[in-house]
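All remarks here apply to the structure that follows.
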Amino acid sequence: MSAGGHINIGETPVQAAVRETKEEMGLTIDESELHFVQAVRIIEKDPRDIVNVFLYQLSGDENFTFVDGEVDSYEWRSLDNFKEITRDAAANNLVPQGELYFGTLITALEYVSQ
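Counting in this note's numbering, the sequence shown runs from 692 upward without gaps.
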């Protein structure tokens with residue numbers, strides 16, 4: 692799952708991640724359990740944009756509430772399937788963040804799944 696948005700004035704990237712997750716999925720997450728992976732510049736979209744990539748472990752029992760209309764459903768995917776669908780993000784209804792973003796995320800997921 693991915694939640695994202697702009698960081699508000701006076702807000703840290705972690706606070707923004709917690710807020711956006713609540714706004715987009717209705718989940719209250721513990722910021723102390725967010726694991727920073729890397730900050731990625733998405734040149735394809737806007738060279739000024741930096742995406743802070745975090746990982747967060749879900750239990751699988753969460754109740755998602757799609758509050759703001761940005762997300763309307765989710766699907767659990769295997770890592771191999773996720774790798775496959777990120778090759779054509781637009782065709783698979785993923786946010787088009789670019790190869791660097793997806794590569795960074797996949798590398799982090801591979802690392803934590805060992």
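In this text, a Cβ means the ideal position worked out from N, Cα and C, and glycines have one as well.
Our two residues, Leu791 and Ile776, have alpha carbons roughly 15 Å apart in a direct line.
Rounded to whole angstroms, the separation of the alpha carbons of Ile734 and Ala707 is 21 Å. Between Glu801 and Leu770, the C-beta spacing is below 8 Å. In the DSSP assignment, Val744 falls outside any alpha helix (DSSP H) and lies within the beta strand (DSSP E) extending over Ile741 to Leu746. Rounded to whole angstroms, Tyr747 and Glu724 show a C-alpha spacing of 6 Å. Under the three-state reduction of DSSP, Gln788 is assigned to coil, being neither helix nor strand. Note on geometry: alpha-carbon atoms of Phe727 and Glu766 lie some 23 Å from one another. Going by beta carbons, Val758 and Glu715 fall inside the 8 Å limit.
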